[in-house]
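These protein sequence lines are chains A and B, in that order. First residue of the first sequence: 1, per this note's numbering; consecutive thereafter. First residue of the second sequence: 1001, per this note's numbering; consecutive thereafter. Glycine included, each C-beta is placed from N, C-alpha and C at the ideal position. Please read all numbers here as calculations on a predicted model, not as lab measurements.
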Amino acid sequence: MNRKRSSREWKWLARTAWILGLLVGVGALAAILAPGGLNPVSLLSGRDGTWESMQSGGVWRVGLDPSFPPFETLDKAGQPVGYDVDLARRMAAEWGLEAEIVAIGYDSLLDALQADRVDSVVSALPYDPRETKDFRFSPPYFEAGIRLAVPAGSPIDDVDKLDDHTVAVEWGSMGDMVGRRLKREGAAIELVQVPTPVEVLDALLAGDADAALIDNVTLRQAQGRGVRVLAVGPALESNPYVIASPYKADELGDQIAETLARFQENGVMAELEETWFGPPPAP
Amino acid sequence: MSERSWKIVSIVSLALILIGLLIWRPWQGGRPVSLGPQQRVETINPKMGVHTRLTDEVEPAKIKRTLEMVREMGAPWIVEYFPWAYIQPRPDARNWVHADDVVNHANRQGLTVVARLGFVPEWARPKGTTPLYLDEEHFEDFGRYAAEFVTRYAGKVDYVIIGNEPNLALEWGYQPVDPAQYVRLLQVVYPMIKEANPDVQVLAGALAPTLAPPGSEWGVNDLDYLQAMYDAGAADYFDILAIHAYGGVFSPDEPAATDEINFRRAELLRQIMVENGDSHKQAMITEAGWNDHPRWTRAVRPGQRIEYTIRAYEIAQEEWPWLDAIAMWVFRFPWDQKSYQDYFTFVDTDFEPKPIYEEVQRYARGEAQ
Chain A
1 MNRKRSSREW KWLARTAWIL GLLVGVGALA AILAPGGLNP VSLLSGRDGT WESMQSGGVW
61 RVGLDPSFPP FETLDKAGQP VGYDVDLARR MAAEWGLEAE IVAIGYDSLL DALQADRVDS
121 VVSALPYDPR ETKDFRFSPP YFEAGIRLAV PAGSPIDDVD KLDDHTVAVE WGSMGDMVGR
181 RLKREGAAIE LVQVPTPVEV LDALLAGDAD AALIDNVTLR QAQGRGVRVL AVGPALESNP
241 YVIASPYKAD ELGDQIAETL ARFQENGVMA ELEETWFGPP PAP
Chain B
1001 MSERSWKIVS IVSLALILIG LLIWRPWQGG RPVSLGPQQR VETINPKMGV HTRLTDEVEP
1061 AKIKRTLEMV REMGAPWIVE YFPWAYIQPR PDARNWVHAD DVVNHANRQG LTVVARLGFV
1121 PEWARPKGTT PLYLDEEHFE DFGRYAAEFV TRYAGKVDYV IIGNEPNLAL EWGYQPVDPA
1181 QYVRLLQVVY PMIKEANPDV QVLAGALAPT LAPPGSEWGV NDLDYLQAMY DAGAADYFDI
1241 LAIHAYGGVF SPDEPAATDE INFRRAELLR QIMVENGDSH KQAMITEAGW NDHPRWTRAV
1301 RPGQRIEYTI RAYEIAQEEW PWLDAIAMWV FRFPWDQKSY QDYFTFVDTD FEPKPIYEEV
1361 QRYARGEAQ
């Protein structure tokens, strides 16, 4: 049935719409003002405000803790140097920007990102699935987890072939934990537990152990020094390093992912690794 | 619809809501888990303990598994936190479900519980303050909570700690750190606890080891604070001194020194007890330990952490007759902290034992190291 609305109904509709509008407005304001809230540029334009302000300022503000060589440390002049520093600068250059390195304590890196003190964190940061609600993580750019390492020429090319062999680990370390786990799961291995990672590699090279379980940062550093030890198989306990950006920075996130993929393809990542860890061993 | 139809719809709806609630049982905080048979801890060192962190572990099955693993490791003591704000969120409300779970499972596993009481509910503090802020106006409220706690768990929990690290501004709710005020808290709460359950032993102190200089806004040196507690008349208002004894980067055999934070700093606190006529009282280390984070400046290598931890248990047993127990921080977190804190734990969040767990277990079983 069709009928004209009375002026009373119109008044009611108008008042309701006004109240709803006010509520939405207050909500939007709260979303903008809240810590880590919406960027007004993104809100109005639908674009990534972090990426927009990077473009307008010509700078990518990158947070890192310069206390973890070779990824990030300070040189004699007090300037930040390292794998992550170079990676950030190369990426920024790809985008026609300059990387501004901001030194921040490791435990405060993500807080600084949330507080908009930096645009991204590039600091040997392990992936944390619990934080994906608040941060956008890049694909991994370095696997720092536990690898099975063997001397060049070893017949062991997989964890399944460890039975009846000796495996060196740093006592109490994550490698030790993985070794104990393999034993619980039925692997017939004998763990050679030594006090330091250096002694793990020494044991391997001296023939006191047939294989080693060691983190990939230590392993790559040793390889870079010319130690003829190879990693075989995938990481047995993964610890991937990623770049973190604000959750709302979708354009920046896409750009980081695309650039990392491009760097993998065109050899930039291999070049960075060789620069900061030394050349990989010949297979 | 007719009136009869409306009635049918209403009754069916109510029945569905009731069935839903019975299945969900939101007031129970999770499905109850059987306590299982009474267990006892097998160990060569009856002073061994750990600080569990079950406060935010919501699944009863995981509470039980945590405590089973503590027993299996060979530690008869646990220190656990029972936040006042969780149990009494409003003056007229009580929720003992989680606390009951922790206490009952711990008892069934043969563990002795040391209950740390604190964490002030919103109704007992001014707006804008932290949950660690407790002013004198609410000392009696806290005392009533503590008295209810020791009454409810009479025969199940015989030790309670009053507060935590009151010599730090952070832990004192950012009020000026004041030993005399902490002693006034003890003077209010101690008699209330004793009246409710005379068998309970009240622990005080739990001071943070710190070299904070005089006048620091962050805290007061723990040795100075303890002496100031005695000066303010604390001696009659606690039974056991709670001690925090972190080792930092030092071996537990590093000698005690007033200008150093190491494990044997506990001996300096003990000396202050003796000098103030409290040699007849015992002490208990309610937090201690070493950290093996690869990037934290106060960490040691994982193997050192194992060695130092076991040696600390040995020192407690062999050299310190004045110490009842030593609880290492921290057995397990319900979820990863993603910081250096994860490197204090003995088992992962998914209950995978770290090497330190297995090595401490071997020690507790008397197996050669």
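Can you pull the chain B neighbours of Phe68(A), defined as C-beta to C-beta under 7 Å? Arg1295
Distance check for His1293(B) and Pro1302(B), CA to CA, integer angstroms please. 8 Å
Residues of chain A with CB closer than 7 Å to the CB of Arg1305(B), please, in chain order. Gly172
Give me the Cβ distance between Ala1242(B) and Ile1161(B), rounded to the nearest whole Å; I'm assuming they're in contact under 8 Å. 5 Å
Along chain A, which residues have their Cβ under 7 Å away from the Cβ of Glu1358(B)? Arg180
Mapping the DSSP letters down to three states, classify Phe1149(B) as helix, strand or coil. helix
In angstroms, rounded to a whole number, what distance separates the CA positions of Pro1166(B) and Ala1204(B)? 10 Å
Residue from Phe1250(B), Gly1219(B), Trp1322(B) and Tyr1357(B) with nearest C-alpha to Glu1068(B): Tyr1357(B)
Once DSSP output is grouped into helix, strand and coil, what is the label at His1293(B)? coil
Hey, how far is the Cα of Tyr247(A) from the Cα of Val102(A)? 20 Å
If you run the structure through DSSP and keep just helix, strand and coil, what is Pro35(A)? Any reading at Pro35(A) must be qualified, since the residue scores a pLDDT of 47, below 50, and its modelled position is unreliable; the value itself is stated next. The answer is coil: DSSP assigns Pro35(A) none of H, G, I, E or B.
Using a C-beta to C-beta distance shorter than 7 Å, which residues of chain B count as neighbours of Thr196(A)? Arg1301
Check whether chain B comes within 7 Å of Asp107(A), counting only Cβ atoms and requiring the distance to be less than that. yes
Using only CA atoms, which one of Gly58(A), Gly253(A), Glu265(A) and Leu213(A) lies nearest to Pro322(A)? Only positions 1 to 283 of chain A appear in the structure, and residue 322(A) is not among them; the question remains open.
In chain order, what residues of the same chain lie with their CB nearer than 6 Å to the CB of Gly1143(B), ignoring the 5 residues before and after it? Val1188, Val1189 and Met1192
Residue ranges of each alpha helix (DSSP H) run of no fewer than 4 residues wholly in the region 1068–1118 of chain B, ordered along the chain? 1084–1087 and 1097–1108
Using the beta-carbon count (16 or more within 10 Å), is Pro35(A) buried or exposed? Confidence is the limiting factor: at Pro35(A) the pLDDT is only 47, short of 50, which leaves the residue's position unreliable, though a coordinate-based value still follows. Its Cβ having fewer than 16 others within 10 Å, Pro35(A) is exposed.
Tell me whether Arg1362(B) counts as near the ligand FAD, meaning its Cβ is closer than 6 Å to at least one heavy atom of that ligand. Of ligands this structure carries none, so the ligand FAD is not represented either.
Can you tell me which of Val1079(B), Gly1074(B) and Trp1123(B) puts its alpha carbon nearest to the alpha carbon of Ala1093(B)? Trp1123(B)
Identify which residue in Glu1137(B), Leu1223(B) and Glu1080(B) has its Cα closest to the Cα of Pro1126(B). Glu1137(B)
Quick check: the Cα distance between Ile104(A) and Thr1349(B), rounded to an integer number of angstroms? 28 Å
Would you list the residues sitting across from Leu125(A) in a DSSP beta bridge? Val242(A)
Just to confirm, are Gln1337(B) and Gly1074(B) a CB contact at a threshold of 7 Å? no
With DSSP run on the structure shown, which of helix, strand or coil describes Glu271(A)? helix
Using a Cβ cut-off of 7 Å, pull out every chain A residue sitting near Lys1354(B), in sequence order please. Met177
Roughly how many whole angstroms lie between the Cα atoms of Leu162(A) and Gly226(A)? 25 Å
Does Asp48(A) get closer than 7 Å to chain B when you measure Cβ to Cβ? no
Measuring only between beta-carbons, confirm whether Ser1339(B) sits less than 7 Å from chain A. yes
Tell me which same chain residues have a C-beta within less than 7 Å of the C-beta of Trp1322(B), skipping the five on either side of it? Arg1270, Gln1282 and Ala1283
In the DSSP assignment, the alpha helix (DSSP H) including Ala1364(B) goes from what residue to what residue? Pro1355 to Ala1364
For Ser245(A), which of Gly224(A), Trp95(A), Arg61(A) and Ala77(A) has the nearest alpha-carbon? Arg61(A)
Is the CB of Asp134(A) under 7 Å away from at least one CB in chain B? no
How many angstroms separate the CA atom of Gly1366(B) from the CA atom of Glu1307(B)? 15 Å
Is there contact between the region 1210–1221 of chain B and the region 1244–1254 of chain B, where contact requires at least three CB pairs shorter than 8 Å? no
Looking at chain B, is there any beta carbon in it that lies within less than 7 Å of the beta carbon of Asp128(A)? yes
Taking the alpha-carbon positions, what's the Val242(A) to Val122(A) distance? 7 Å
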